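Now the structure itself:
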């Protein structure tokens with residue numbers, strides 16, 4: 022399923038973004054386990070950071086999860 026949130030998450034990851042989703046009790050956030058490359062950080066600031074909390078959470082759901090089984094979601 023392609024939508025704006027998925028497209029934003031995919032482009033961020035394509036640029037080398039390293040954030041991972043942390044979703045607990047239906048509350049979402051991201052963790053930056055390693056510094057983003059400048060292009061990914063700039064993309065996040067210009068295209069995601071200004072979104073409403075709900076829209077940001079939608080984008081975060083398409084990022085790799087901190088809870089992924091292999092324990093190394095940032096490398097996916």
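Numbering (our numbering), first residue to last: 22 to 97.
Even glycine gets a Cβ: it sits at the ideal position worked out from N, Cα and C.
Everything numeric in this text was worked out from a predicted model, so none of it was measured.
**OP:** Given a cut-off of 8 Å, decide if residue 29 and residue 68 are closer than it, judged by their beta-carbon atoms.
**Re:** yes
Subject >> Contacts around residue 61, its chain only, beta-carbon distance under 7 Å, and the 5 residues preceding and following it disregarded >> reply: 33, 36, 37 and 38
Subject >> Helix, strand or coil at residue 28 [DSSP, three-state] >> reply: helix
**OP:** Consult DSSP for residue 62 and reduce its assignment to one of helix, strand or coil.
**Re:** helix
Subject >> Under 8 Å between C-beta atoms of residue 41 and residue 84 >> reply: yes
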